[in-house]
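To keep things clear, I will list the structure first and then write my remarks on it.
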Amino acid sequence: MTTLPNQRHLFDIPDDVAYFNTATMGPMTKTSVEAGQKGLARKLHPWTIPETDFFADTERLRPLLAELIGADTDGIAFSPSVSYALATAARNLPLSKGQKILLLEDQFPSNVYIWRNLANQTGAAIRTVSAKHGESLSDALHAAIGPDTGLVACANVRWTDGALIDLRAIGKRCREVGAALVLDLTQSCGALPFDVKDVQPDFVAVAAYKWLLAPYATGFIYVAPQHRSGYPLEQNWIARQGSSNFSRLIDYTDHYGPGAQRFDMGERSNFALLPALESAVRTILDWGVGNIEETLAARNAALADQLANMGLHCPPEAERGAHYLCPLLPETAPDDLTSQLKDANIFVSRRGDRLRITQHLFTTEADMERFITELSHHLTT
């Protein structure tokens, strides 16, 4: 792996802005925005858009998205949101009364509500897993999986504190007991390497507007081979065989396109968003996800040492995502700490009793120095 140089020149981030909030919304590169603007402008002259362009962007993107997660191209479908992707998974994962759905404590709401709904429909029961003192969240989840587990729904890192889940071990345990595994990789895809062949999940959901640095309302679903003949949420025309022949769309067919295409969202051919998404994904792949992880790990290790000198302790490196820093705040920390930092053009999130610091390749040494100085000031006054 290679440590990457700073990439701030690719972004439109003023020198006086220190942005440590990628986990909320990753900024797009100038190139991605230009690609989206160019695509949007095509609607000025719709007569110049050929029918083949309803398919061109998606079919260029599918293999790129597959490459991000080590998947086959046929396993990729387009999704506007994690909630859409997880609803697709829920529709295709039958559970029995009394089976357990395992969730993590403080899991993101989109990855909770859908499973509550499924439990109500099927008679399954929700079990929320928390870690005991001295136990990692990953170990707690692994220990909770048993013969009565029907489904495990989790992320690679927990969004509130960056707690790392050993997905390879969780996937192996799920297969041992016959449980389905559904992953939301929104907070790790593009920052942590992942390979579906190692984990073997049933479904993967990714929203691209965070660590993939892509537009809002873009994302994708990975569907394992055994589920690709399942039931989509929508019955849209473009997912059917022969849909590229516009003159014969009234020759209705019950046959879908290959692979996971039946699960594609309606109006997938978004001429503004897809070019921007493609540009963003190509940038991530050019950098290399492993290189991104290594670079952010080194920067965060140095930043964690500075925070520790202030008495702010982050989870150990082995138990958190390398791209996440979430120090525990003292009880005396002001309630409006993030607002005070925002007044100094420093942008960071607070989740519960932790500060969530998520830098990226655009973060400079000057950003970090100013952040530490301002944070120290507001915690001691």
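So for the sequence shown, UniProt numbering puts the first residue at 1; every next one is plus one.
The C-beta atom is built at its ideal place from N, Cα and C for all residues, glycine as well.
Just so you know, these numbers come straight off a predicted model, no measurement behind them.
- Take the alpha-carbon of Thr-31 and the one of Lys-100: they are about 46 Å apart.
- Scanning its chain for C-beta atoms nearer than 8 Å, with the 5 sequence neighbours on each side dropped, one finds no residue around Asp-343.
- Between Val-129 and Leu-118, the C-beta gap is not smaller than 7 Å, which leaves the two residues out of contact.
- Remark: C-beta atoms of Arg-8 and Phe-347 do not approach each other more closely than 7 Å.
- Inter-residue distance for Ser-243 and Met-1 is about 43 Å (C-alpha atoms, whole angstroms).
- If you ignore the 5 residues before and after Arg-370, its C-beta comes within less than 6 Å of the C-beta of Ala-18, all in its own chain and listed in chain order.
- Linking Leu-167 to Ala-191 through their CA atoms gives a straight-line distance of about 15 Å.
- For Lys-97, there is no enclosing beta strand (DSSP E), as DSSP marks it with neither H nor E.
- Between the C-alpha atoms of Gly-134 and Pro-316 there is a straight-line separation of about 12 Å.
- Check the Cα spacing between Asn-300 and each of Val-199, Asp-254, Ile-284, Ala-318: the tightest is with Ala-318.
- Per DSSP, Ile-76 lies in no alpha helix (DSSP H); the unbroken beta strand (DSSP E) holding it starts and ends at 76–78.
- Listed in chain order, the non-local C-beta contacts of Phe-246 below 7 Å within the same chain comprise Glu-51, local neighbours out to five positions each way being set aside.
- Excluding five sequence positions before and after Asp-264, the CB atoms of its chain that fall closer than 6 Å to its own CB belong to Ala-77, Phe-78, Ala-239, given in chain order.
- Here Tyr-324 carries a coil assignment [DSSP, helix/strand/coil].
- Spatial neighbours of Gly-162 in its own chain (CB-CB distance under 6 Å, excluding positions within 5 residues in sequence) are listed in chain order as Arg-320, Gly-321, Tyr-324, Cys-326.
- Assigned with DSSP and collapsed to three states, Leu-212 falls in coil, not helix or strand.
- Per DSSP, the continuous alpha helix (DSSP H) segment holding Val-177 begins and ends at 167–177.
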